[in-house]
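K.L.:
Numbering of the sequence shown is given in this note's numbering, commencing with residue 3 and proceeding in unit increments.
Note that beta-carbon positions come from the ideal geometry of N, C-alpha and C, so glycine has one too.
The structure displayed is predicted, hence computed values, not measured ones.
The structure's right below; bear with me while I get my questions together.
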Amino acid sequence: MVRKVDKTKLLTVVGIIIFLFGGAVRIFSHLTSSADNYIENFDVIIFSGLIIGWGVSVAYRIVQKNIRICLVISAALMLLWMALRAIKYNSPADINTYGRYLWYSYYIAMVFLPLMMFFAMLNIGKPENTNNRKYLLIIPAAVLVLLVMTNDFHQLAFVFEPDFHNWNKQYSYGPVYYVIVVWIFILVLSSIVLSINRCRISATRKKLWIPIVIILVAIIYTLWNNLNHGYSGLRIYNVPEVFCFASIALWESLIQIGLVPSNTGYGDFFNASNLNTLIFDNEGNVKYRSKNATNVSKDVVLQSGNSVVIDENIILKKHNIKGGKVVWTEDISAINRINRELSEVKEQISEYNVILKSEAELKKRRAAVTEQNKLYDSITEFIRPQLCDLENILKNIENNRGDISVNYAGACVVNVYIKRISNLLIMAKSRKMLNAFELENSIRELAEYISVYGISCSFFSNVSGEISAEKTIALFKFIGIFIRHIMNCTDALLFNLKVYDRFIDLKINCDSKNEMKIPDDLLDDITKLGGNVTTEYDADTLFVFVRMQSGGDDI
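This is the structure:
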């Protein structure tokens, strides 16, 4: 574990030495006045290699994906900057426009590097896809870069002499340049403030002076280098190198002090944890051991399977990882105890559930019986007049009063009405709308038994659709009570039922030598449901017309 920490620090020191070595190469090239392009560009190769190495390093070390992406993009921008610088200073001096646009291209990295730092700081400790509105800052950054790249047309970033004479030495700064300076300053300052606010660990807060010192040193060196024109007329490190190395050093300091999550130092965490865990390589050799880990033999580790039962209360678990296996033991004595308790509770609950289920079924049956009794009581009350009629007819048969065949036929008529109206009442209990054929079949069967009684009875129908259950019952009740009043004073009956276009038309023709009047209470049952009943008496025939809507609306 110690070796891994020292290795990280050693690589940091090596990076600093490489950066200093690049500056030394530039001084050597200047002092020897070497015209060898390989010597002149060797420092660029060194700096580019340093950037590539750092970019690969953070790609492996940084745990949080959105921060890792920002750092890798930063490394790519630095590498682009170094490449543009190398191309610019190795191009023919007379290609002015080409060199000027290469110089403009520096600002791609100068504008976006602070933005990537700001994005990364915002992402510290945040889940992915959080606050994506921050990426709208890419728009002003792109606008600033576009203004610099089109400077030849408006000269708002850099102001040159006419015809761009001696452009690389004689120029002044325009408003866009100062906007970029403010942009960089605000983003860097905001990043520092965010790093301070995001730091919750006191030990890390005490080390925040390191990134601040790095920024101050970079600013001081840049000012000194520009004011004094470097060492003996040589700028040891140009703006790209200073900017890039300062960015790398700043990020490394944030990683080293623990502000940016990385996978370095995990060995120490593993060793200090309370886990009962070991990590083995593929040959069964121990590589990492937590302080509470128990000894596990090499043979057990190399056994096939992901778990080995040590005893009743101890299980050894294994899981394959890259390069080896992680092994840990689990004490399941508490689980076994809980399982025993759960088994006892489960038995008690099962017994209780059986009792509850029996009680629920009993209550359900009682409720069903009660509901059924209520329904039967309501049906009995509804057909009480017909039951009385049936009782009287049966008494006549018993006492041999009247024609027995007529009495039996009358009993059949009453019985059919009772059966059919009861059936409609039962169906109405569960349905608000009934098929029109239910009413049609009820009237047809009643008409057949009326014919048996000795009355010439005909029934015509043309029905379709549905009728509200309430109106179906009201119409059949109307017919039943009507027949009850005219059975003994008519020789012929005709029923005509039509159900169409949401309307019900019922016509009754009844031969009668005397004009009959329909009871008011019977008419009320129809009119309350929005129906209309009209009667006519002509030539010893009573005509009854009933019209109502098949649904629940009034006509």
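Using the C-alpha atoms, what's the distance from G57 back to Y233?
P.N.:
Low confidence applies here, because Y233 scores a pLDDT of 49, under 50, leaving its location unreliable; read the following figure in that light. Those two C-alpha atoms are separated by around 30 Å.
K.L.:
Hey, out of T474, F462 and S552, whose CA is closest to N511's CA?
P.N.:
F462
K.L.:
Are the beta-carbon atoms belonging to I64 and S335 less than 7 Å from one another?
P.N.:
no
K.L.:
Mind checking F247: buried by the 16 CB within 10 Å criterion, or exposed?
P.N.:
That one is buried.
K.L.:
I'd like to know if T536 contacts chain D, where contact means its C-beta is closer than 7 Å to some C-beta of that chain.
P.N.:
Within the model displayed, chain D is absent; a lone protein chain is all it includes.
K.L.:
Considering only C-alpha positions, which residue in the set V74, E373 and K421 is nearest to I385?
P.N.:
With distances taken between Cα atoms, I385 lies closest to K421.
K.L.:
Please look up how many angstroms separate the CB atoms of L146 and V178, rounded, as I've assumed it's under 8 Å.
P.N.:
7 Å
K.L.:
Quick check on the burial criterion: 16 or more other C-beta atoms within 10 angstroms. Buried or exposed for A370?
P.N.:
exposed
K.L.:
Looking only at its own chain, which residues have a Cβ that is under 6 Å from the Cβ of V150, when we skip the five neighbours before and after it?
P.N.:
Y106, Y109 and A159
K.L.:
Are three or more beta carbon pairs between the region 451–468 and the region 482–499 nearer than 8 Å?
P.N.:
yes
K.L.:
Can the beta-carbon of L117 be found less than 7 Å from the beta-carbon of A78?
P.N.:
Not in contact: L117 and A78 (Cβ atoms no closer than 7 Å).
K.L.:
Ignoring anything shorter than 4 residues or poking outside the region 95–137, list the alpha helix (DSSP H) runs there in chain order.
P.N.:
98–125
K.L.:
Cα separation between L277 and V181?
P.N.:
54 Å
K.L.:
Between which two residues does the beta strand (DSSP E) holding A494 run?
P.N.:
A494 to Y502
K.L.:
Suppose the cutoff is 7 Å on Cβ atoms and the five residues either side in sequence are ignored; what does the same chain contact list for R433 look like?
P.N.:
A471
K.L.:
I need the DSSP call for L158, collapsed to helix, strand or coil.
P.N.:
coil
K.L.:
Assuming I485 contacts I452 under a Cβ cut-off of 8 Å, what Cβ separation, rounded to an integer in Å, is found between them?
P.N.:
7 Å
K.L.:
With burial defined as no fewer than 16 other Cβ atoms inside 10 Å of the residue's Cβ, what is the status of K479: buried or exposed?
P.N.:
With 16 or more neighbouring CB atoms inside 10 Å of its own CB, K479 falls in the buried class.
K.L.:
Measuring alpha carbon to alpha carbon, tell me which of I75, N443, V347 and I281 ends up nearest V329.
P.N.:
I281
K.L.:
When burial is assigned at 16 or more other CB atoms within 10 Å of the CB, is D391 buried or exposed?
P.N.:
buried
K.L.:
Cα-Cα, which of D503, V546, A220 and V302 is closest to I520?
P.N.:
The residue among D503, V546, A220 and V302 with its C-alpha nearest the C-alpha of I520 is V546.
K.L.:
Which residue comes first and which comes last in the beta strand (DSSP E) that contains I334?
P.N.:
No beta strand (DSSP E) holds I334; DSSP gives it neither H nor E.
K.L.:
At 4 residues or longer, what runs of the alpha helix (DSSP H) sit wholly inside the region 360–409?
P.N.:
386–400
K.L.:
Once the 5 residues before and after D507 are set aside, which same chain residues still bring their CB inside 7 Å of it?
P.N.:
Excluding sequence neighbours, D507 sits near K500 and R549.
K.L.:
Closest to T382 by CA distance: which of R403, I423 and I71 is it?
P.N.:
I423
K.L.:
Among residues of its own chain, excluding the 5 on either side of Y137, which ones have a beta-carbon nearer than 6 Å to its beta-carbon?
P.N.:
Shown here for Y137: not one same chain residue has a beta carbon closer than 6 Å to its own, the five before and five after excluded.
K.L.:
Starting from S458, follow the alpha helix (DSSP H) in both directions and report where the run begins and ends.
P.N.:
From DSSP, S458 is part of no alpha helix (DSSP H) but of the beta strand (DSSP E) over S458 to V465.
K.L.:
What did DSSP end up calling G325 once you bin it into helix, strand or coil?
P.N.:
coil
K.L.:
Could you tell me whether the Cβ atoms of S255 and I212 are closer together than 7 Å?
P.N.:
Cβ distance < 7 Å, so S255 and I212 count as in contact.
K.L.:
Compute the distance between the beta-carbons of V465 and A430, then report whether it is under 7 Å.
P.N.:
no
K.L.:
Opposite D540 in the DSSP bridges: which residues?
P.N.:
In the DSSP assignment, D540 forms a beta bridge with T543.
K.L.:
Is it buried or exposed for Y419, if we count other Cβ within 10 angstroms and need 16 for buried?
P.N.:
Burial check for Y419: the Cβ neighbour count within 10 Å reaches 16 or more, so the residue is buried.
K.L.:
Just to confirm my understanding: we take G325, look at its own chain, exclude 5 residues before and 5 after, and list those with CB closer than 8 Å. What are they?
P.N.:
Closer than 8 Å at Cβ, skipping near neighbours: D283 and N284.
K.L.:
Taking K479 as part of the alpha helix (DSSP H), name the residues at either end of that continuous run.
P.N.:
Start and end: A471 to I488.
K.L.:
Nearest by alpha-carbon distance to I475: which of L81, R342 and E440 is it?
P.N.:
E440
K.L.:
Smallest Cα separation from M119: which of L191, V288, I395 and L427?
P.N.:
Looking at the Cα atoms, L191 is the closest of the given residues.
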